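Protein chains: 4
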Amino acid sequence: MAENVWKTALTRIAPNLVSVRGFPLDQAVGQVNFGTMVYLLLRGELPSPREAAVMEAILVSSIDHGASPPSTLAARTVASTGASLSASVAAGVLSINRHHGGAIEACMELLSEGCRSVEGGALPSSVASDLVAVARSRKERIPGFGHRLHTSDPRAIRLLQVATTNEVAGVGVKLASEIAEKLSLALRRQMPLNVDGAIAALLVDLGFEPAVGNGFFLMARMPGLVAHVLEEKKRQKPMRRVSPTSHSYDGPPPRGFEEH
Amino acid sequence: MAENVWKTALTRIAPNLVSVRGFPLDQAVGQVNFGTMVYLLLRGELPSPREAAVMEAILVSSIDHGASPPSTLAARTVASTGASLSASVAAGVLSINRHHGGAIEACMELLSEGCRSVEGGALPSSVASDLVAVARSRKERIPGFGHRLHTSDPRAIRLLQVATTNEVAGVGVKLASEIAEKLSLALRRQMPLNVDGAIAALLVDLGFEPAVGNGFFLMARMPGLVAHVLEEKKRQKPMRRVSPTSHSYDGPPPRGFEEH
Amino acid sequence: MAENVWKTALTRIAPNLVSVRGFPLDQAVGQVNFGTMVYLLLRGELPSPREAAVMEAILVSSIDHGASPPSTLAARTVASTGASLSASVAAGVLSINRHHGGAIEACMELLSEGCRSVEGGALPSSVASDLVAVARSRKERIPGFGHRLHTSDPRAIRLLQVATTNEVAGVGVKLASEIAEKLSLALRRQMPLNVDGAIAALLVDLGFEPAVGNGFFLMARMPGLVAHVLEEKKRQKPMRRVSPTSHSYDGPPPRGFEEH
Amino acid sequence: MAENVWKTALTRIAPNLVSVRGFPLDQAVGQVNFGTMVYLLLRGELPSPREAAVMEAILVSSIDHGASPPSTLAARTVASTGASLSASVAAGVLSINRHHGGAIEACMELLSEGCRSVEGGALPSSVASDLVAVARSRKERIPGFGHRLHTSDPRAIRLLQVATTNEVAGVGVKLASEIAEKLSLALRRQMPLNVDGAIAALLVDLGFEPAVGNGFFLMARMPGLVAHVLEEKKRQKPMRRVSPTSHSYDGPPPRGFEEH
Chain B
3 MAENVWKTAL TRIAPNLVSV RGFPLDQAVG QVNFGTMVYL LLRGELPSPR EAAVMEAILV
63 SSIDHGASPP STLAARTVAS TGASLSASVA AGVLSINRHH GGAIEACMEL LSEGCRSVEG
123 GALPSSVASD LVAVARSRKE RIPGFGHRLH TSDPRAIRLL QVATTNEVAG VGVKLASEIA
183 EKLSLALRRQ MPLNVDGAIA ALLVDLGFEP AVGNGFFLMA RMPGLVAHVL EEKKRQKPMR
243 RVSPTSHSYD GPPPRGFEEH
Chain P
3 MAENVWKTAL TRIAPNLVSV RGFPLDQAVG QVNFGTMVYL LLRGELPSPR EAAVMEAILV
63 SSIDHGASPP STLAARTVAS TGASLSASVA AGVLSINRHH GGAIEACMEL LSEGCRSVEG
123 GALPSSVASD LVAVARSRKE RIPGFGHRLH TSDPRAIRLL QVATTNEVAG VGVKLASEIA
183 EKLSLALRRQ MPLNVDGAIA ALLVDLGFEP AVGNGFFLMA RMPGLVAHVL EEKKRQKPMR
243 RVSPTSHSYD GPPPRGFEEH
Chain Y
3 MAENVWKTAL TRIAPNLVSV RGFPLDQAVG QVNFGTMVYL LLRGELPSPR EAAVMEAILV
63 SSIDHGASPP STLAARTVAS TGASLSASVA AGVLSINRHH GGAIEACMEL LSEGCRSVEG
123 GALPSSVASD LVAVARSRKE RIPGFGHRLH TSDPRAIRLL QVATTNEVAG VGVKLASEIA
183 EKLSLALRRQ MPLNVDGAIA ALLVDLGFEP AVGNGFFLMA RMPGLVAHVL EEKKRQKPMR
243 RVSPTSHSYD GPPPRGFEEH
Chain G
3 MAENVWKTAL TRIAPNLVSV RGFPLDQAVG QVNFGTMVYL LLRGELPSPR EAAVMEAILV
63 SSIDHGASPP STLAARTVAS TGASLSASVA AGVLSINRHH GGAIEACMEL LSEGCRSVEG
123 GALPSSVASD LVAVARSRKE RIPGFGHRLH TSDPRAIRLL QVATTNEVAG VGVKLASEIA
183 EKLSLALRRQ MPLNVDGAIA ALLVDLGFEP AVGNGFFLMA RMPGLVAHVL EEKKRQKPMR
243 RVSPTSHSYD GPPPRGFEEH
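Residue numbers (the numbering used here), protein chains in the order written: chain B, 3 to 262; chain P, 3 to 262; chain Y, 3 to 262; chain G, 3 to 262.
Okay, structure coming up:
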């Protein structure tokens with residue numbers, strides 16, 4: 003019955019054709035980058051080349067964060083029982099929630115609301131001041147600012163530069179910078195924008211809705227989860243105790259892209 | 003105790019530093035594409051720019067396959083119960099196994115073994131003939147060839163072109179083409195290389211081990227899974243019956259990249 | 003460091019000893035039933051024999067609900083890709099949320115609050131009337147009442163009988179019955195307590211907190227999920243389309259316990 | 003189309019009726035125990051009361067094993083990120099594989115094959131000797147025997163007693179006992195049947211196929227996983243480091259069922 007046919011606006015499959023949002027997928031292969039296709043899938047339209055560059059930058063910035071995040075530990079713990087690659091990775095995916103990766107979405111909510119105030123005529127600096135004052139009075143942390151390890155998050159700084167260079171930075175980035183400044187003043191210690199906050203600012207300026215926030219973290223982190231599970235299976239014994247703290251890095255020494 | 007410190011060679015985290023395989027992640031942001039970083043994470047070294055282009059092409063080629071794959075249906079079914087984005091996507095991830103996405107890994111095994119024979123002096127055409135003969139005598143399908151819908155898979159054709167243009171195509175691509183030809187002759191119908199088989203050929207020529215096969219499918223398909231779950235939550239009622247067959251596309255009409 | 007030792011009050015493991023909440027697990031084997039141990043694990047104390055009987059009744063009542071629930075469909079869809087038993091069952095587990103199984107928890111919230119009103123001196127019938135009036139004014143469904151298929155849920159009726167016979171039925175059951183009556187009157191059609199609502203009433207009268215609601219559904223449904231996945235692997239081909247509607251039962255004909 | 007209707011022999015749903023393998027589920031509620039229904043679901047027929055008692059004993063014996071198994075750690079790690087109860091439990095379920103819980107299935111394979119030899123006329127003691135000799139020559143562990151912590155597993159001993167008392171113990175139990183004896187002699191240290199091995203022996207004597215092995219562990223362990231996740235959410239802070247070794251029990255002191 004016609005009324006039982008459900009609809010999807012993402013991808014059309016027909017004999018010898020796969021098209022995403024109307025564009026033949028085979029034309030995309032080798033012509034546009036992965037970030038372009040992510041934007042197209044989620045938004046329905048192609049990004050400009052500069053927006054596509056910012057998309058790739060966002061995906062690159064969260065590709066891995068080492069052995070200590072719960073997503074890595076859950077994936078490795080499951081892998082150590084003899085689970086398949088996909089089942090192990092799924093345990094990592096299940097760890098991407100409010101407290102892990104969730105700051106992107108929470109910060110997007112906040113910046114999106116701030117942007118609406120700015121559109122309504124408010125000054126970014128006063129919107130930021132208000133946000134900081136409200137959070138302090140409620141004794142709440144502002145998601146996307148500060149880090150338990152990094153006092154200055156190099157990934158965040160670089161993301162803002164990329165957004166600025168590509169002329170994508172707008173009110174979201176402006177607000178994020180103002181909040182970081184006012185928050186550091188109020189708390190009398192550095193509360194820089196972290197990588198989650200920077201991604202949030204860029205996504206808001208790219209026009210994304212907050213509901214996609216966790217999705218970006220999931221897409222970006224997938225290679226990290228796959229790499230950790232493959233390494234676990236290759237280097238470690240089954241059923242080992244996966245300590246969340248007693249691990250160390252034994253990969254290549256520091257090096258830079260300029261040498262390559 | 004020192005002996006309890008476990009090792010990882012992937013990512014090093016230190017105050018104000020995140021480095022992947024020795025490269026500062028912030029330097030990568032805005033400078034290299036996502037495919038470069040995937041290669042670096044999995045292989046430990048940077049790809050050449052041409053190899054990086056092939057990596058992006060591979061990731062783009064499997065970004066989504068519409069509403070009917072089991073990964074999409076499982077993710078949407080779980081989403082319809084009120085699950086979070088990550089829990090819904092995890093159900094999709096759990097569906098990437100031997101019979102769905104698994105052809106990449108199975109085809110890589112086969113091509114890798116064939117490559118070793120060629121290195122040992124055998125001719126690609128005779129290696130391909132032998133493979134086809136063995137599979138036929140065992141009445142087994144050769145993974146990576148043929149498709150239940152597409153008689154010619156445009157994504158596969160394009161992937162081989164990209165590999166050739168970028169001078170990445172080697173014995174893996176050669177073998178895959180020979181197998182397709184001999185298989186079609188033997189079965190007297192078109193048994194073209196499909197997208198999984200083309201990815202397998204490219205990954206073999208890029209020097210990857212078969213164990214990463216499912217991982218590539220997982221990384222490539224993540225945006226599709228995220229997009230389907232977000233669409234399910236936005237357009238559909240909870241607890242609906244997610245029919246695997248009665249669905250249709252209502253997105254933008256056919257269009258091409260050249261117009262943009 | 004001592005401060006990093008985290009605590010658990012559930013189970014103690016020592017050489018040749020496994021004790022649950024202080025009781026040696028080996029003593030429990032063959033002496034107490036599964037429902038007793040579930041109660042002990044979750045509450046910290048043994049149930050009375052009558053409470054234990056009600057626990058078993060609750061677990062039995064939701065052991066399976068056939069092929070159409072999303073948990074069954076997700077588990078079978080994942081199984082059809084070649085996933086392991088545990089990965090397939092996990093997809094079923096991921097489907098137990100607000101809209102599927104979640105009515106237990108939601109109904110417990112409601113009945114628990116009602117019980118507090120009754121303890122504070124209110125009459126059950128007026129508490130029930132208020133609840134129905136509020137829900138109607140908000141145009142909200144009351145969780146645990148009505149069913150899209152069953153006009154009278156035989157499992158719910160039986161559960162209330164078991165609770166009454168075992169002298170476990172208290173204010174929760176009383177309130178649930180009053181709500182069903184008043185709701186049916188208000189809507190002028192049968193809105194009986196369903197199995198989720200009956201479980202909720204019994205759990206409230208057993209003294210459980212609402213937060214365990216989904217947990218009961220998970221424990222009770224596990225055998226159903228395992229049985230469906232094993233049947234899928236045994237009877238069906240890989241990668242089939244798992245229709246949520248076109249299925250039929252071909253097991254043993256109707257029969258009764260009295261004949262056995 | 004009729005040919006697209008898929009079949010299931012487990013549960014029939016009709017208006018006001020839920021029947022499992024032909025038996026009305028409401029009749030089962032309050033009349034038979036959970037173990038009876040698990041047997042019925044998986045086998046299609048009712049167990050005898052003595053078989054049902056052994057089923058409950060098996061489910062009770064693996065209900066929890068404290069904080070250190072990977073299933074517990076994975077579930078708690080995911081819970082600490084803010085995941086829902088079902089998503090956290092799913093991570094625990096994903097950990098039930100070859101190296102964790104999998105010994106039941108592997109031991110059932112072995113005992114089932116041994117039983118066939120005994121049916122064919124071989125003596126249990128010589129079948130056991132052969133098994134031990136083969137495993138030693140291959141330097142393989144025999145699944146279901148020995149434990150990294152327990153030199154004598156009290157749960158295993160008790161399970162065999164329950165099987166014997168209920169006249170369920172048969173060739174499976176006989177073989178398991180012989181293997182334990184011969185293995186301990188050969189290795190010159192105690193290699194007792196562990197809880198997984200005892201469950202395997204009982205399931206074989208109850209007539210189950212090895213493919214259900216992991217399923218029994220999943221069903222039995224579900225309450226433990228639910229209890230650990232609920233405790234994690236209640237007692238612990240989000241994003242804590244879940245150490246697999248630095249934990250201790252702070253629940254009720256040792257006590258016995260006889261006092262209750």
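For each residue, glycine too, the CB sits at the ideal point set by N, CA and C. Please read these numbers as outputs of a predicted model, since none were measured by experiment.
Starting from the beta carbon of residue i, find every residue of chain B whose beta carbon is closer than 7 angstroms, and list them in chain order.
i	result
V244 of chain G	P246
A89 of chain G	L96
S250 of chain P	V7, K9
Out of the options, state which residue places its alpha-carbon closest to the alpha-carbon of residue i.
i	options	result
F25 of chain Y	G:G32, G:A135, G:H67, G:L43	G:H67
F36 of chain P	P:T10, P:F218, P:A200	P:F218
G104 of chain Y	Y:T38, Y:S139, Y:L151, Y:N196	Y:N196
S82 of chain G	B:R100, B:I65, B:G84	B:R100
P71 of chain B	B:L205, B:H102, B:G146	B:H102
K239 of chain Y	Y:K9, Y:S186, Y:A89, Y:T79	Y:T79
P212 of chain B	B:A108, B:S64, B:I159, B:L151	B:A108
T153 of chain B	P:L177, P:N18, P:R191	P:N18
I98 of chain B	B:R223, B:P256, B:P194, B:P255	B:R223
V20 of chain G	Y:S50, Y:V20, Y:L112, Y:R157	Y:R157
E169 of chain B	B:G253, B:L204, B:A11, B:G122	B:L204
A178 of chain P	P:L87, P:I15, P:I144, P:T10	P:I144
E260 of chain P	B:L12, B:R140, B:L48, B:T13	B:L48
If you measure between the beta carbons of residue i and residue j, is that distance less than 7 angstroms?
i	j	result
G272 of chain G	D198 of chain G	This structure does not reach residue 272 of chain G, given that chain G is present from 3 up to 262, and the question cannot be answered.
S248 of chain Y	V7 of chain G	yes
L227 of chain B	A77 of chain B	yes
A202 of chain P	M110 of chain P	yes
A124 of chain Y	L96 of chain P	no
A30 of chain Y	V62 of chain G	yes
G32 of chain G	V231 of chain Y	no
L161 of chain Y	A200 of chain Y	yes
I60 of chain P	P225 of chain P	no
G174 of chain G	I106 of chain G	no
Output, in chain order, the set of chain G residues within a Cβ distance shorter than 7 angstroms of residue i.
i	result
M224 of chain Y	L220, M221, M224
Along chain P, which residues have their Cβ under 7 angstroms away from the Cβ of residue i?
i	result
P240 of chain Y	H101
R140 of chain B	Per Cβ cutoff of 7 angstroms: no residues; R140 of chain B is ~25 angstroms from chain P at best.
List, in order along the chain, the chain Y residues whose C-beta lies closer than 7 angstroms to that of residue i?
i	result
F147 of chain G	Per Cβ cutoff of 7 angstroms: no residues; F147 of chain G is ~15 angstroms from chain Y at best.
What does a CB cutoff of less than 6 angstroms around residue i pick up in its chain, not counting 5 residues either side in sequence?
i	result
R266 of chain B	It is not possible to answer for residue 266 of chain B, since the shown part of chain B is limited to 3 through 262.
For residue i, return the contacting residues in chain G, with the cut-off set at a CB-CB distance below 9 angstroms.
i	result
T153 of chain Y	P17, N18
Here's a check: name, in chain order, each residue in its chain whose Cβ is nearer than 7 angstroms to the Cβ of residue i, leaving out the five neighbours to either side.
i	result
V244 of chain P	L75, R78, T79, S82
E234 of chain B	R78, A81, S82
A69 of chain B	H249
Going along chain P in order, which residues have a C-beta closer than 8 angstroms to the C-beta of residue i?
i	result
Q33 of chain B	F259
Using the beta-carbon of each residue, which ones in chain Y are nearer than 8 angstroms to residue i?
i	result
L44 of chain G	P225, V228, A229, L232
R14 of chain G	G68, Y251, G253
Within 7 angstroms of chain Y by C-beta, residues of the segment 93-123 of chain G in sequence order: V95, L96, I98, N99
Listed in chain order, which residues of the segment 201-219 of chain G have Cβ atoms closer than 7 angstroms to some Cβ of chain Y? A213, V214, N216, G217
Going along the chain, which residues of the segment 64-91 of chain B sit with their C-beta nearer than 7 angstroms to a C-beta in chain G? P72, L75, A76, T79, V80, S82, T83, G84, A85, A89
If contact means a Cβ-Cβ distance below 9 angstroms, which residues of the segment 176-194 of chain Y contact chain G? none
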